[in-house]
Amino acid sequence: MEKLPKKLKIWRNKPFIKQLEKKFPKADLFLVGGAVRDHILDRPTKDYDLVIRNISKNDLEKFLKNQGKVNLVGKKFGVFKFVPKGWTGSEIDIALPRTEHSINLSGAYKDFKINSNAKLKIEDDLSRRDFTINAMAYDIKQQKIIDPYNGLKDIKQKNIKAVGKAEQRFKEDYSRMLRAIRFSCQLEFDIESKTLNSIKKEIKKLNKTIDGKRVVPYEVIAKELFKAVNVNPIKAIELLDKTGAIQVLMPELLKMKKCPQPKNWHTEGDVWVHTILALEKLNSQKFKREFKGEEVTPELIWGVIFHDLGKPYTLVRTDRLRFNNHDNVGAKKFKEIAERLKLASAGLDVDDTEKIIAKHLLAVYAKGDGMKDTTLEKYFFNPNFPGRQLMMLILADTLATIHDNGKPHFAEYNKLKSVISKLKKKTKGKNNLPQPVINGTDLIKKFKLNPGPKIGKLLTISREAQLRGKIKSKADGLKLIKKHL
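All letters in the sequence shown, in the order written, are residues 13 to 497 by this note's numbering.
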């Protein structure tokens with residue numbers, strides 16, 4: 013490349029690097045992997061990997077202990093987790109050059125025989141990497157990039173390409189197929205044709221088991237899906253569908269394809285088309301204006317993807333197309349899928365996602381201005397309910413519902429927004445509604461009632477009256493309840 017990024021050059025100035033060069037003048041030092049790629053692309057990076065040649069494992073360990081904190085996990089492979097003195101970032105992985113050989117090409121992401129050798133050439137170390145863009149090394153002493161697999165060219169052409177034979181790379185570790193999709197989404201790169209075809213050929217192996225155990229654990233799958241979908245949901249769904257990964261991992265989603273919708277309400281197309289359009293609307297000007305500066309959370313993204321999953325399961329063709337209870341059916345189906353794929357292990361709040369899917373028709377059911385204040389409180393003034401994300405989902409769904417006049421219909425959304433705003437004024441900007449004037453204990457003591465559903469119904473009556481300004485004190489509340497006994 014014409015000019016080395018400054019972020020690569022400054023590695024030679026780091027104190028522990030200077031000390032290492034001074035103590036071991038024959039040593040070769042390389043920054044490898046994703047950090048090289050990210051520095052070239054001028055992307056932020058947190059993970060740093062160094063490969064150091066011509067130093068024995070014992071000498072390297074002694075040196076690192078004098079320069080900072082060393083975590084000896086991986087020591088037997090010549091790998092050290094290192095935090096230099098004064099370093100504020102995450103641990104640096106430091107290793108001797110090594111080769112990895114898949115045991116019987118099982119496809120297990122940890123099923124490798126590892127050989128480390130201080131004399132091994134850096135090119136041999138790079139040969140074990142997954143993709144060409146990750147198979148580059150920066151020679152810190154010589155200040156040049158080692159690029160045996162043309163990773164720089166693929167970065168320039170925005171390609172995700174396997175090192176060597178793609179099919180072989182994936183048979184070594186099937187999770188690499190999802191990594192290719194994730195990198196494509198994160199970097200906005202295309203997957204090179206041979207690599208893509210190999211993914212399509214091998215994708216079913218993601219569900220491979222040996223002796224009843226999954227070769228690729230769901231936790232690994234969840235991590236890759238989570239990263240890909242969160243950073244670029246439309247591209248992720250497109251690639252997961254194109255490669256067959258959805259068919260393998262979430263076949264329920266494909267039922268949305270060709271699932272019809274009433275044409276007077278949904279001229280945009282079937283449920284699948286509507287869902288993709290709803291994802292697109294998360295990035296629309298209308299959505300950004302409405303929720304200026306607010307985060308599009310993973311829970312919202314996954315909620316949009318699954319919000320209408322219940323439709324193909326509830327479709328009834330009578331006088332018109334009906335999807336009765338599809339919101340609750342879809343929420344239940346989502347939870348089944350999320351638990352199967354262990355999405356919570358990757359960081360998704362499955363409960364919150366399920367909640368907004370189950371309530372995404374709230375504005376339609378309640379007709380906005382006819383909604384009780386206690387219902388508004390339950391869903392939009394409750395710290396235990398993701399009300400803001402629910403509003404975002406409702407708007408994305410609304411924007412993607414194109415009526416026969418060619419436009420979305422905002423009446424229900426605007427009504428809901430209006431009544432929330434009206435109730436919010438009572439919080440005086442704090443977004444916290446006043447405490448209830450009475451509680452269950454008050455009713456039990458005053459009216460000698462037994463605990464049960466009746467208490468809850470009476471408290472709802474009192475709370476509704478309080479939020480509407482009809483009662484303001486405990487005495488008012490008890491007086492009101494007496495009338496309903």
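Heads up, the beta-carbon is just placed ideally off N, CA and C, and yes, glycines get one too.
Cβ contact (3+ pairs, closer than 8 Å) linking the stretch 354–365 and the stretch 232–246
Yes, the stretch 354–365 is in contact with the stretch 232–246.
Would DSSP call Pro-96 helix, strand or coil?
The sequence position of residue 96 within the sequence shown is 84, counting from 1. Three-state result, Pro-96: strand.
Just the C-alpha distance for Phe-195 and Asp-282, rounded to the nearest angstrom, thanks.
Numbered from 1 along the sequence shown, position 183 holds the residue referred to as residue 195. Numbered from 1 along the sequence shown, position 270 holds the residue referred to as residue 282. Phe-195 and Asp-282 have their alpha carbons spaced roughly 29 Å apart.
For the beta strand (DSSP E) that Leu-526 lies in, which residues bound it at each end?
Absent from the structure is residue 526, since the part of the chain shown begins at 13 and ends at 497.
How is Glu-200 classed by DSSP in three states: helix, strand or coil?
Sequence index remark: in the sequence shown, residue 200 carries index 188 (1-based). Here Glu-200 sits in coil by DSSP.
DSSP three-state label for Tyr-186, please.
Taking the first residue of the sequence shown as 1, we reach residue 186 at position 174. DSSP, read as helix, strand or coil, puts Tyr-186 in coil.
Nearest-angstrom beta carbon gap, Ile-368 and Pro-395 [assumed within contact, 8 Å]:
By one-based count along the sequence shown, residue 395 stands at place 383. By one-based count along the sequence shown, residue 368 stands at place 356. That belief does not hold up - the Cβ atoms of Pro-395 and Ile-368 are roughly 15 Å apart, past 8 Å.
Going by CA-CA distance only, name the one from Gly-46, Thr-57, Pro-109, Glu-33 that's closest to Val-63.
Within the sequence shown, residue 63 is the residue found at index 51, counting from 1. The residue among Gly-46, Thr-57, Pro-109, Glu-33 with its C-alpha nearest the C-alpha of Val-63 is Pro-109.
Inspect the beta-carbon positions of Ala-107 and Ser-128 and report whether they are closer than 9 Å.
By one-based count along the sequence shown, residue 107 stands at place 95. By one-based count along the sequence shown, residue 128 stands at place 116. In this structure, Ser-128 lies closer than 9 Å to Ala-107 by Cβ.
Contacts around Gln-323, its chain only, beta-carbon distance under 6 Å, and the 5 residues preceding and following it disregarded:
Locating residue 323 in the sequence shown gives position 311, counting from the first residue. In the sequence on display, residue 323 carries Lys and not Gln. Same-chain partners within the cutoff: Cys-271, Val-283, Phe-335, His-338.
Nearest-angstrom Cβ-Cβ length linking Glu-307 and Lys-384, presumed shorter than 8 Å:
Position 295 of the sequence shown, counted from the start, is the residue given in the question as residue 307. Position 372 of the sequence shown, counted from the start, is the residue given in the question as residue 384. That belief does not hold up - the Cβ atoms of Glu-307 and Lys-384 are roughly 29 Å apart, past 8 Å.
Looking at C-beta atoms only, is the number of pairs between the stretch 188–208 and the stretch 166–176 that lie closer than 8 Å three or more?
Yes, the stretch 188–208 touches the stretch 166–176.
Are the stretch 415–431 and the stretch 463–477 touching by the rule of at least three beta carbon pairs closer than 8 Å?
Put simply, the stretch 415–431 does not touch the stretch 463–477. Fewer than three CB pairs are less than 8 Å apart.
Drop a sphere of 10 angstroms on the beta-carbon of Lys-188, count the other beta-carbons inside from all chains shown, and report buried for 16 or more, exposed for fewer.
Residue mapping note: residue 188 aligns to position 176 of the sequence shown, counting from 1. Note that residue 188 corresponds to Arg in the displayed sequence, not to Lys. Arg-188 comes out buried.
Quick one: give me the first and last residue of the beta strand (DSSP E) that Leu-252 is part of.
Taking the first residue of the sequence shown as 1, we reach residue 252 at position 240. Unbroken run through Leu-252 is the alpha helix (DSSP H), 245–254; no beta strand (DSSP E).
Exposed or buried, what is Gly-342 when buried is set at 16 or more other beta-carbons lying within 10 Å of its beta-carbon?
Translated into positions along the sequence shown, residue 342 becomes position 330. Flag for Gly-342 reads buried.
Helix, strand or coil for Ser-128, going by three-state DSSP, please let me know.
Here residue 128 is taken as the residue at index 116 of the sequence shown, counted from 1. Three-state DSSP puts Ser-128 in a strand.
Using C-beta distances below 8 Å, list every residue in its chain close to Leu-402, excluding the 5 sequence neighbours before and after it, in chain order.
Looking up residue 402 in the sequence shown gives position 390. Taken in chain order, the residues that qualify are Lys-367, Ile-368, Lys-371, His-372, Leu-374, Tyr-391, Phe-392.
Exposed or buried, Lys-345, counting other C-beta atoms within 10 Å across all chains shown (16 or more means buried)?
In the sequence shown, residue 345 corresponds to position 333, counting from 1. Buried, because 16 or more other Cβ atoms sit within 10 Å of the Cβ of Lys-345.
Can you look up Asp-151 in the DSSP assignment and give me helix, strand or coil?
As a first step, residue 151 is located in the sequence shown; it is residue number 139 there, counting from the start. Strand, per DSSP.
Can you give me the start and stop residues for the alpha helix (DSSP H) that Ile-369 sits inside?
The count along the sequence shown starts at 1 and reaches residue 369 at position 357. Run containing Ile-369: 362–370, per the alpha helix (DSSP H) assignment.
Are Phe-94 and Asn-83 touching if we call contact CB-CB under 9 Å?
Looking up residue 94 in the sequence shown gives position 82. Looking up residue 83 in the sequence shown gives position 71. The answer is yes: Cβ separation under 9 Å.
Using C-beta distances below 7 Å, list every residue in its chain close to Leu-252, excluding the 5 sequence neighbours before and after it, in chain order.
Counting from one through the sequence shown, the residue named residue 252 turns up at place 240. So the qualifying residues of the chain are Ile-193, Ile-258.
Can you tell me where the alpha helix (DSSP H) holding Tyr-60 begins and where it ends?
Numbered from 1 along the sequence shown, position 48 holds the residue referred to as residue 60. Annotation: Tyr-60 is outside any alpha helix (DSSP H); the continuous beta strand (DSSP E) that includes it extends over 60–65.
Where DSSP assigns a beta bridge to Thr-221, which residues make up the other side?
As a position in the sequence shown, residue 221 is number 209, starting the count at 1. Looking at the DSSP assignment, Thr-221 forms a beta bridge with Arg-226.
DSSP-derived helix/strand/coil call for Gly-464
By 1-based counting over the sequence shown, the position of residue 464 is 452. Three-state DSSP puts Gly-464 in coil, outside helix and strand.
Since Pro-448 and Ile-456 are thought to touch, with beta carbons under 8 Å apart, how far apart are those beta carbons, to the nearest angstrom?
Translated into positions along the sequence shown, residue 448 becomes position 436. Translated into positions along the sequence shown, residue 456 becomes position 444. With a Cβ gap of about 15 Å, Pro-448 and Ile-456 do not count as contacting.
Just confirm the distance between the C-beta atoms of Asp-40 and Arg-65, as a whole number of angstroms; I'd bet it's less than 8 Å.
Counted from its first residue, the sequence shown places residue 40 at position 28. Counted from its first residue, the sequence shown places residue 65 at position 53. About 4 Å separates the beta carbons of Asp-40 and Arg-65, which is inside the 8 Å limit, making them a contact pair.
Among Phe-299, Tyr-325, Leu-294, whose alpha-carbon lies nearest the alpha-carbon of Gly-315?
The count along the sequence shown starts at 1 and reaches residue 315 at position 303. Checking every option, the nearest Cα to that of Gly-315 belongs to Leu-294.
Quick check on Leu-333: does DSSP put it in helix, strand or coil?
Here residue 333 refers to the residue found at position 321 of the sequence shown. Secondary structure of Leu-333 (DSSP, three-state): strand.
Continuous alpha helix (DSSP H) stretch holding Asp-454: start and end
Within the sequence shown, numbered from 1, the residue matching residue 454 stands at position 442. Unbroken alpha helix (DSSP H) run through Asp-454: 452–459.
For Gln-478 and Ser-296, the rounded distance between their alpha carbons:
Position 284 of the sequence shown holds residue 296. Position 466 of the sequence shown holds residue 478. So the two alpha carbons sit approximately 39 Å from each other.
Just the C-alpha distance for Ser-485 and Thr-287, rounded to the nearest angstrom, thanks.
Looking up residue 485 in the sequence shown gives position 473. Looking up residue 287 in the sequence shown gives position 275. About 47 Å.
Could you compute how far the alpha carbon of Lys-81 sits from the alpha carbon of Asp-409?
For the purposes of this step, residue 81 is taken as the residue at position 69 of the sequence shown. For the purposes of this step, residue 409 is taken as the residue at position 397 of the sequence shown. Distance between the alpha carbons of Lys-81 and Asp-409 is about 51 Å.
What's the gap between the Cα of Ile-152 and the Cα of Ile-134?
The sequence position of residue 152 within the sequence shown is 140, counting from 1. The sequence position of residue 134 within the sequence shown is 122, counting from 1. Near 13 Å, if we compare the C-alpha coordinates of Ile-134 and Ile-152.
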